[in-house]
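Accompanying notes for the structure given below.
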Amino acid sequence: TKQSTFKANNNIMNQLTIVESTIGGMLIGFSAAANMYLYGRVTGISGIVGNLIRPSPSVFAHASEKTWRAVFVVGLILASALSAVSDPDSFPSPLKLSSITYTFAGLAVGFGTRIGNGCTSGHGISGLARFSPRSLVAVCTFMAVGILTATLTSLTKQSEEPWRLATVSWPPNWMFAVLGGLGIVLLVVTSTALAKRSLDADSPHTQYALAAVHLAIGMTFGLGLVVSGMLDQKKVIGFLDVSGSRFGGWDPSLAFVMGGGLVVNTVAHYLARNNKEMRPYLRPEADFYFRPTSGAAPPANWKDPKLVIGSAFFGLGWGMAGICPGPALGGLVHPFTSPALGPVFALWAVAFAAGVWAADAAIAAAKGTPFLVEMPPPSSVKRISPAMTSSLELGSSSQGTPREAESGAQSSGGSAA
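Each residue of the sequence shown is one higher than the one before, starting from 1235 at the first, in the numbering used here.
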């Protein structure tokens, strides 16, 4: 009997899932491309979550900036929860690691992604798609440190298993991937058409139509994580651990996830960059995040020490536990699907938030500014009508400077996973 793409415990071995991982990566790339084409934003999970939990004097501060992020995150978690409910036997459980490992890994990822302005989705899927030198440096750094961390951890266990490649999963479990992918893409297209009609008609319900689009984009990203196997910590560590001595051998599935996402998002960025007249479909008053803003500061140098240090911290935490921000959101269902290990996994999420706050505090101290500060207000736009005004609560976001766009544009959604 063919083993499932997703394993339920530490003893079952990984399989190389070429087809499933590629399709999952393409869904992640489609989600990022949709967010860019429709709203002009970069899709970086650490930036989206980081700015969502950013401390501020008032919980209601800049609610419009937090609203679309919250709806996106709900969509991502919802996709993971629906997958767990529909097929609980194949939904992965957390890796059995110590509480200290989960805590330190979460702190390192939270601190690192905040300092380095991103991780696998923003720098990897969006940054490399627009040929960003900063993102290339970041990806090379966190990949190198992640591989070194996972491999050295494996070697310290003194395993006598010889190096080998994980067994290829064949025939692939493509039915769920393809049908689920087509269904979620249809949902994005349908919700976008309804939102556009609502905008054009100045409907008082426009904000709800736009919320449905954000929810669908988040669900697409979440489904991509499920299909690709990125929610399975063993598959991630199986890729980073090049010694090939754990979980059935070296598993390069993650490379197919990145490849699938880059193919889709690179084409999307190419088309947007080469059409100077194109504007975000649901935010025509705005512009794409990667285009320079008039009067803004010049793009940041890729030789930025913070970029390298932050990416190294992220790689360290990623290599220890095999979790980055996107899969961590999907893993928030673990306390319900895996009661024994779920609470331990939750320590990672708490530590991640603490790492984000610590990074913000360190940056504020270095700049000599207060730690508890408001988020930058959304960029001023021409309000067309009362209906458009209400819709901008879900449709507007500050574009940020070219430095932010190049390094991850945290104010526009961040550059992360």
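By construction, the Cβ of each residue, glycine as well, lies at the ideal position given by its N, Cα and C atoms.
For residue i: DSSP bridge partner residues
i            : result
residue 1484 : 1399
Residue i in three-state terms, based on DSSP
i            : result
residue 1516 : coil
residue 1254 : helix
residue 1561 : helix
residue 1605 : coil
residue 1434 : helix
residue 1287 : coil
residue 1318 : helix
residue 1535 : coil
residue 1509 : coil
residue 1420 : helix
residue 1409 : helix
residue 1528 : Note on residue 1528: pLDDT 35, under 50, position unreliable in the model; the coordinate value appears next. In the structure shown, residue 1528 sits in coil (DSSP, three-state: anything other than H, G, I, E or B).
residue 1247 : coil
residue 1330 : coil
residue 1556 : coil
residue 1477 : coil
residue 1360 : helix
residue 1428 : helix
residue 1545 : helix
residue 1493 : helix
residue 1575 : coil
residue 1323 : coil
residue 1591 : helix
residue 1661 : In the structure as shown, the chain starts at 1235 and stops at 1651, and residue 1661 therefore has no counterpart that could be examined.
residue 1404 : coil
Inter-residue CB distance, residue i and residue j (contact presumed, cutoff 8 Å)
i            : j            : result
residue 1310 : residue 1452 : 4 Å
residue 1565 : residue 1547 : Not quite, the Cβ-Cβ distance comes to about 20 Å (not below 8 Å), so this is no contact.
residue 1286 : residue 1303 : 5 Å
residue 1471 : residue 1384 : 5 Å
residue 1582 : residue 1340 : 4 Å
residue 1350 : residue 1563 : Rounded, the Cβ-Cβ distance is 19 Å, inconsistent with contact.
residue 1265 : residue 1458 : 6 Å
Limits of the unbroken alpha helix (DSSP H) element including residue i
i            : result
residue 1348 : 1333 to 1349
residue 1459 : 1440 to 1462
residue 1383 : 1367 to 1390
residue 1277 : Taken as a continuous stretch (DSSP letters only), residue 1277 belongs to no alpha helix (DSSP H), as it is neither H nor E.
residue 1524 : Element bounds for residue 1524: n/a, residue is neither H nor E.
residue 1571 : 1568 to 1571
residue 1474 : 1467 to 1474
Inter-stretch contact at 8 Å, needing at least 3 Cβ pairs: the segment 1311 to 1330 / the segment 1486 to 1499: no
If contact is defined by three or more beta carbon pairs under 8 Å, each pair taking one atom from either stretch, is the segment 1424 to 1441 in contact with the segment 1352 to 1370? no
At least three beta-carbon pairs within less than 8 Å, the segment 1472 to 1481 to the segment 1331 to 1350: Short answer: they don't touch.
Cβ contact (3+ pairs, closer than 8 Å) linking the segment 1552 to 1560 and the segment 1459 to 1474: yes
Contact between the segment 1262 to 1275 and the segment 1515 to 1524: three or more CB pairs below 8 Å? yes
Touch check for the segment 1418 to 1434 and the segment 1519 to 1528: three-plus C-beta pairs under 8 Å? No, the segment 1418 to 1434 is not in contact with the segment 1519 to 1528.
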